[in-house]
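*Asks:* Using the numbering used here, read the sequence shown as starting at 169 and increasing by one per residue. Where a beta carbon is used, it is the ideal one built from N, C-alpha and C, also for glycine. Take a look at this one; I'll ask things after.
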Amino acid sequence: MDLLLFMVELSLTREEAYRMVEEKIGVNNLLKHILAVEAGMRRLAEYFKEDVEFWGMTGLLHDLDYNVTKDDEPRHTYVTEEWLQKYQLPQEMLYAIHAHPGHVPCKSKLDWALYSVDPTTGFLVACALMHPDKKLASLEGDFLLRRFKEKRFAAGATRENMAACSHLELELEPFLLLVRDGMLNIADKLGL
């Protein structure tokens, strides 16, 4: 299919979205997580020949309201939708954002990607930090799969969500490596 068929003209630029994220989230580890998810989503979009900007923007905005909803999980992502109403973003983007914490069931490739990438970035950071050189670039598939099987390692990275990459018709190892490769593009910002 022609990639241009998937291109969506967004009324919110990446720069505007990033400023909004910085304003709502601050400059901290949560911002690093959000940037890692954006990078992972961009890499998956490249792999699947989807709209890289659209998928990246979905990742960038996925936790926009976290600071105000962290103690009120049912409202998480719905405050984001309220904040973004004036931009008239595509419903597919907002649906994927609602699907990532499980508020609505995943239906599309975009939904499953965000659902799977979100915990994977934290898992990959934990893997990098336990590696002797503390670099994402050193993480290989067999190392990642061994850590994945250790349920107590990076326990907050929900294995079920990560394994949902199967809905993308990707095995776990290539999925982990694709997300790692995306994160490598911003390794300097992540300090890894």
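1) Give the list of continuous alpha helix (DSSP H) stretches no shorter than 4 residues that lie fully inside the segment 239–275.
2) Cβ of M351 within 7 Å of Cβ of A213?
3) Taking T226 as part of the alpha helix (DSSP H), name the residues at either end of that continuous run.
4) By a C-beta neighbour count over all protein chains shown, 10 Å radius and 16 as the cutoff for buried, is V195 buried or exposed?
5) Can at least three beta-carbon pairs, one atom from the segment 281–293 and one from the segment 336–344, be found at a separation below 8 Å?
6) Can you find at least 3 beta carbon pairs, one from the segment 317–337 and one from the segment 292–306, that sit closer than 8 Å?
7) Going by beta carbon distance, what residues of the same chain come within less than 7 Å of S306, once the five residues before and after it are set aside?
8) Using three-state DSSP, classify F216 as helix, strand or coil.
9) Between the segment 219–236 and the segment 262–271, do three or more beta carbon pairs fall short of 8 Å?
10) Is it true that the CB of V285 sits closer than 7 Å to the CB of M188?
11) Would you mind working out which of L180, F216, N235, E308 sits nearest L338, comparing C-alpha positions?
12) Going by C-alpha to C-alpha distance, which of K302, W280, G309 sits closest to G359?
13) Could you tell me which whole alpha helix (DSSP H) segments of length 4 or greater appear in the segment 272–308?
*Replies:* To lay it out plainly:
1) The qualifying runs are 246–252, 259–267.
2) Residue mapping note: residue 351 aligns to position 183 of the sequence shown, counting from 1. Residue mapping note: residue 213 aligns to position 45 of the sequence shown, counting from 1. Contact check for M351 against A213 fails: the beta carbons are separated by 7 Å or more.
3) Taking the first residue of the sequence shown as position 1, residue 226 is located at position 58. Note, T226: alpha helix (DSSP H), 220–229.
4) By 1-based counting over the sequence shown, the position of residue 195 is 27. Flag for V195 reads exposed.
5) Put simply, the segment 281–293 touches the segment 336–344. At least three CB pairs are less than 8 Å apart.
6) Because the criterion of three Cβ pairs below 8 Å is met, the segment 317–337 and the segment 292–306 touch.
7) Your numbering for residue 306 matches position 138 in the sequence shown. In chain order, H299 place their CB closer than 7 Å to the CB of S306, counting only its own chain and leaving out the 5 sequence neighbours on each side.
8) Looking up residue 216 in the sequence shown gives position 48. If DSSP states are grouped into helix, strand and coil, F216 belongs with the helices.
9) In this structure the segment 219–236 lies against the segment 262–271, because at least three pairs of beta carbons, one per stretch, are closer than 8 Å.
10) As a first step, residue 188 must be located in the sequence shown, where it is residue number 20. As a first step, residue 285 must be located in the sequence shown, where it is residue number 117. V285 sits away from M188, with the two beta carbons spaced by 7 Å or more.
11) Taking the first residue of the sequence shown as position 1, residue 338 is located at position 170. Of L180, F216, N235, E308, the smallest CA-CA separation from L338 is found for F216.
12) Here residue 359 corresponds to residue number 191 of the sequence shown, with the count starting at 1. Sorting K302, W280, G309 by C-alpha distance to the C-alpha of G359 places K302 at the top.
13) Contiguous alpha helix (DSSP H) elements confined to the segment 272–308 occur at 277–298, taking only those with 4 or more residues.
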